[in-house]
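Engineer: Please see the structure below; I have some questions.
Residue numbers (my numbering), protein chains in the order written: chain D, 984 to 1239; chain R, 403 to 779; chain G, 896 to 1427.
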């Protein structure tokens, strides 16, 4: 499963490497020859109009959708097109969904417990307890995501913003090498949005992050390299100011 | 947070007290209290309630997969029946030369079919230990093989339900055949004794009753331990949002497979206890209708509660015994109506109703009974 | 080897001449043999009568076979009774009056005599002016292999104009001479070839027998050759026959499953009472048949079809409005609730009509069967195949060409989007359910012809129907058609090889494995919307 494609220096130096990825659903091309690389420790914002293929790209990286063609490598070694969701997650790819998906019937702390980095085998979870170190981590995350007081509340009873934060907290507990964050501030107030941007910047110190977002103010706040997707492939790449000045980007995305 | 010590809620404690109490007291009332006393338990009542207890074990097993993991199995009756057949085969071999044809090795139906040798599948069943192993192994292996295919290929929802129904249907067809080697249409019956005790005697019946009650208590404790562990939490997470669990790196298929196999083994044990108490096992036990009826026991009692499932099994079967005696014409209307009414108006079952009542009393109640059960740190 | 064609022709002409001359006496002699009513004598009588070639010989022989040949011991008369009941003097052909059939003695026949009668009838009607009758006669001779008919065969063959009859005559002749060691070897080899060309079960057994018995090496070689060829042909015929059975089974499956495919496709729920809709359709047929006056019995199915659709559709609407609507988004609960409905419907029908099977008869035009190129085809099954095709075509038309169908397909593909476009999904659900249930009712009419009409009729169909839907995938009726065909044909092809039960189990296992590979069936909808 670990294909050593070490000949390509471009491959080995990347955390995530997508080349010529195409996906189609019944003739509709969701991705057409998408190529993208992400360096270790990098944070990247991905923007693009509806139908640009942002979510499909996430699906391909996390193993939910198999590409029709193209290469997807993680850490230059792991061919993600051959692995399923659980295997990819175990490699260290975490995902936050567009619509917040937390386990509604579990408490906030149980949600974090399930996400926490620990052996995932049936017998490990059946007989193993949670170690003190793990409890400490969970406590720290509860504070970070400001849900310490609600740790015993059923997640289904949280507000929308709190669910978004809980999900980010679950990503932190998972401690992946790469975080894929889909529209983290949808439905948040301005204050919450700012706080979320702050949180993501903090996370990016020791994780690589890919953020898909519509909210331009938020992307500006992140202050990172931006990739613009359009009709399933990369239209432009660079700082937000650079891509905002790009004629084609203005045409398809910012609107004219 | 602590290591997963088993914490029982109030319903669980009451339930355990009841089952253990029944196990201890039944022999007293059945054997020691004089027959003409008002407190005496006549043999038919012992057998009847003993049968209900086996159904209750099946219901707990079903609740484990349906209530906690969202797998609606419409074929659990197959595991029950397989366990029953394994026990029945032991009981058949125990008859020995006392059968109609007095063949010391071959059961009567084989002599009748003019078979000369014991089929391989029957080897070893003269031993109680071997038969007990098969009671668990056969349903367990079938569940493993079936689940391995079904869960790996992510067959879920109604697809899975219907496939499980097809499974038990196929087994029913197979067991109906004489040349399948398990007594065909008539099944296995005319048992004489188990471990040297006559299956007809009052003492054996009382003992079987107590063993069934103990098995029910044990099944409850094992299930409760499973659902209270981190594994159990993951299981509930699978029920509520399967793909999210997968993206967290859990191998959902293994999680499902484990609980499915455990549940099947439990159902097999229930069937094994059932057979000596009713005195017969035949292919009609594989009928898809039986399996789906077991689902309604769980639904009536309240799924995802374990205790409710067991109580539902006993309550529905009590009603069935009463109605099929008093108004046989109307029982199916009643059962059919129960399916409709429970799914429409009582999605959490009777126990859910009780919990909601209790939760409604204090003003600042937590939003759900589930949260209440978790207990405070 | 002096038997040249010329000699043979001379013999035939001679025999013909004799028979014509001696006809009247011969009939008398023949009839006299029946008087003793002893089997060997009666057989001689049959042969003699056949040899006489008298005009009324077939009628007499037929009467003998049916126990209608009577002896009047007192008046020394041989009399036969027509199917209408008249008594005819066998010798003169005159009608007798004032004689009671009951007072006369029947000439007894046994099976050996019946075979003799069939053979005799064959040779008698070989000369009939009706080619159809000649064909039947040649066939009878073929089956009886009566050497006495050889002369008549040769006579007829000499001037037979109809090529089909000529072929049948040659075959009959071949059947007689192929086992006759006095016939020249070359003729027997030719006979084997003729039989091989016929190629059916009878020809095969005849050739088998020849190969086993003959001492003539040339004949034996030819027979062995022919045996192999016929075996291969019969294997093909057998496969074809099973294919026909399979298509017939598939048409039943399609009728039962297509309604389920619609409701499952549109609403994503399994209606476990679907089989009971089929059952209601069958009972509707029963009621219609009991209510219609006998004069209209030919039309009962035509009346029952729309009525069954209506009854099942109305019950379907009731189920949808009263139960399923409230369980939207909870497919497993829907499954349980509809199971409850199915129990209620079963018990309801049982209370109303009793638990016993009800008889539904077939109209004349649907009963019977016929032979086509060596294949057995049942007329009733053929009509069911036709009905399945009509229902399928009508549904395709309804889904493709009407605005209701368009909206229904929209809801099938993406419910949320369809709702956003202003389609009332609730109404579509209701109509889809009515349609699916109605079609199940129509299936019930067809099933009443081949299955027992009982309250349990529907139970057997829900699993099979669902398998068809699983195999075919939802949202495309072509998938359902293909699924039904695959399952029906596979079932019937497996049945003779490993038995019905094992075949069914094997198919179930295959379907479970198939879901591994294609979880959404043969014709799957793809795209992100499906995932939800």
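Heads up, the beta-carbon is just placed ideally off N, CA and C, and yes, glycines get one too.
1. Spell out a yes or no on whether the segment 440-453 of chain R and the segment 687-700 of chain R are touching, meaning 3 or more CB-CB pairs, one atom from each, closer than 8 angstroms.
2. Taking DSSP's pairing of strands, which residues face residue 1000 of chain D in a bridge?
3. Does residue 1327 of chain G come out as helix, strand or coil in the three-state DSSP assignment?
4. Please report the straight-line C-alpha distance between residue 411 of chain R and residue 1246 of chain G, rounded to a whole angstrom.
5. Can we say the segment 679-689 of chain R touches the segment 486-498 of chain R, given the rule of at least three CB pairs closer than 8 angstroms?
6. Which residues, in chain order, does the segment 553-565 of chain R contribute to contact with chain G at a C-beta distance below 8 angstroms?
7. Which class does residue 1417 of chain G belong to by DSSP, given the choice of helix, strand or coil?
8. Got a sec: does the ligand SAH put a non-hydrogen atom nearer than 8 angstroms to the Cβ of residue 462 of chain R?
9. Quick check: the Cα distance between residue 962 of chain G and residue 1003 of chain G, rounded to an integer number of angstroms?
10. For residue 500 of chain R, I'd like the list of residues in its chain whose CB is within less than 8 angstroms of its CB, leaving aside the five on either flank, ordered along the chain.
11. Check the Cβ-Cβ distances between residue 710 of chain R and every residue of chain D, and say whether any is below 9 angstroms.
12. When the Cα atoms are used, what is the spatial distance from residue 661 of chain R to residue 1259 of chain G?
13. If we define contact as Cβ-Cβ less than 9 angstroms, is residue 1027 of chain G a contact residue for chain R?
14. Just to confirm, is the Cβ distance from residue 1339 of chain G to residue 1203 of chain G under 9 angstroms?
15. Quick one: grab the DSSP three-state call for residue 1136 of chain D.
16. Out of curiosity, what's the CA-to-CA distance linking residue 998 of chain D and residue 1118 of chain D?
17. Out of G:953, G:976 and G:930, which one is the CA nearest neighbour of residue 970 of chain G?
18. Below 8 angstroms CB to CB, which residues in the same chain sit around residue 1157 of chain D once its five sequence neighbours on both sides are set aside?
19. Using only alpha-carbon positions, find the residue among R:727, R:653, R:620 and R:686 that is nearest to residue 458 of chain R.
20. Anyone know if the C-beta pair for residue 1403 of chain G and residue 1362 of chain G falls short of 9 angstroms?
21. Can you tell me where the beta strand (DSSP E) with residue 976 of chain G in it begins and where it stops?
22. So the alpha helix (DSSP H) residue 726 of chain R belongs to, where does it begin and stop?
23. How big is the Cα-Cα spacing for residue 530 of chain R and residue 597 of chain R?
24. Going along chain D, which residues have a C-beta under 7 angstroms from residue 652 of chain R?
25. Would you kindly work out how many angstroms separate the C-alpha atoms of residue 1241 of chain D and residue 1401 of chain G, rounded to a whole number?
26. Whose C-alpha, out of G:1115, G:1012, G:965 and G:1175, is nearest the C-alpha of residue 994 of chain G?
27. By DSSP, does residue 1000 of chain G sit in helix, in strand, or in coil?
28. When DSSP labels each residue in this structure, what does residue 1369 of chain G get in the three-state scheme?
29. Thinking C-alpha only, which one of R:427, R:464, R:430 and R:429 is nearest residue 672 of chain R?
30. Less than 6 angstroms between C-beta atoms, sequence neighbours within five positions excluded: which residues of the same chain meet that for residue 986 of chain D?
31. Once the 5 residues before and after residue 712 of chain R are set aside, which same chain residues still bring their CB inside 6 angstroms of it?
32. Do we get a CB-CB distance below 9 angstroms when we pair residue 648 of chain R with the residues of chain D?
33. What residues from chain R crowd round residue 1086 of chain D, counting only those whose CB sits closer than 9 angstroms?
34. Ends of the alpha helix (DSSP H) at residue 1006 of chain G?
35. Report the three-state DSSP secondary structure of residue 1360 of chain G (helix, strand or coil).
36. Would you call the segment 1051-1065 of chain D in contact with the segment 999-1010 of chain D, where contact means no fewer than 3 C-beta pairs closer than 8 angstroms?
Structural biologist: From the atom records:
1. Flag = no, the segment 440-453 of chain R and the segment 687-700 of chain R do not touch.
2. Note: residue 1000 of chain D sits in a beta bridge opposite D:1020 and D:1056.
3. Of the three classes helix, strand and coil, the one that applies to residue 1327 of chain G here is helix, per DSSP.
4. Rounded to the nearest angstrom, the two C-alpha atoms are 46 angstroms apart.
5. Enough Cβ pairs lie closer than 8 angstroms, so yes.
6. Using a CB distance below 8 angstroms, the part of the segment 553-565 of chain R facing chain G consists of 554, 555, 556, 557, 559, 560, 561, 563, 564 and 565, ordered along the chain.
7. Three-state DSSP puts residue 1417 of chain G in coil, outside helix and strand.
8. Within the structure as shown, the ligand SAH is missing, as the structure has no ligands at all.
9. Going from the Cα of residue 962 of chain G to the Cα of residue 1003 of chain G covers about 7 angstroms.
10. For residue 500 of chain R, the CB contacts under 8 angstroms within the same chain, skipping 5 residues up- and downstream, are 594 in chain order.
11. Not closer than 9 angstroms to any Cβ of chain D, the Cβ of residue 710 of chain R fails to qualify, so no.
12. Roughly 58 angstroms between the two C-alpha positions.
13. No, its Cβ sits nowhere closer than 9 angstroms to a Cβ of chain R.
14. Cβ distance < 9 angstroms, so residue 1339 of chain G and residue 1203 of chain G count as in contact.
15. Coil, per DSSP.
16. Rounded to the nearest angstrom, the two C-alpha atoms are 29 angstroms apart.
17. Comparing Cα-Cα distances from residue 970 of chain G to each of G:953, G:976 and G:930, the minimum goes to G:930.
18. So the list reads 1072, 1077, 1098, 1099 and 1100, once near-sequence residues are dropped.
19. For residue 458 of chain R, the nearest C-alpha among the options comes from R:620.
20. A contact, by the Cβ cut-off of 9 angstroms.
21. Per DSSP, the continuous beta strand (DSSP E) segment holding residue 976 of chain G begins and ends at 972-976.
22. It spans 709-728 - the alpha helix (DSSP H) in which residue 726 of chain R sits, taken as one unbroken run.
23. Straight-line Cα distance between these residues: approximately 7 angstroms.
24. The answer, in chain order, is 1069 and 1103.
25. Residue 1241 of chain D is absent from the structure shown; chain D starts at 984 and stops at 1239.
26. Residue 994 of chain G has its Cα closest to that of G:965, out of G:1115, G:1012, G:965 and G:1175.
27. Here residue 1000 of chain G sits in strand by DSSP.
28. Residue 1369 of chain G falls in the coil class under three-state DSSP.
29. Closest by alpha carbon: R:464.
30. Here residue 986 of chain D scores only 45 on pLDDT, less than 50, and its place in the model is too uncertain to base an answer on.
31. Excluding positions up to five away in sequence, the list reads 458, 461 and 462.
32. Chain D, which has a Cβ nearer than 9 angstroms to the Cβ of residue 648 of chain R, makes this yes.
33. Neighbours of residue 1086 of chain D on chain R, chain order: 635, 638, 639, 642, 643, 646 and 647.
34. Looking at the DSSP string, the run of the alpha helix (DSSP H) that includes residue 1006 of chain G is 1006-1020.
35. If DSSP states are grouped into helix, strand and coil, residue 1360 of chain G belongs with the helices.
36. With a cut-off of 8 angstroms, the segment 999-1010 of chain D and the segment 1051-1065 of chain D count as touching, because enough Cβ pairs lie within range.
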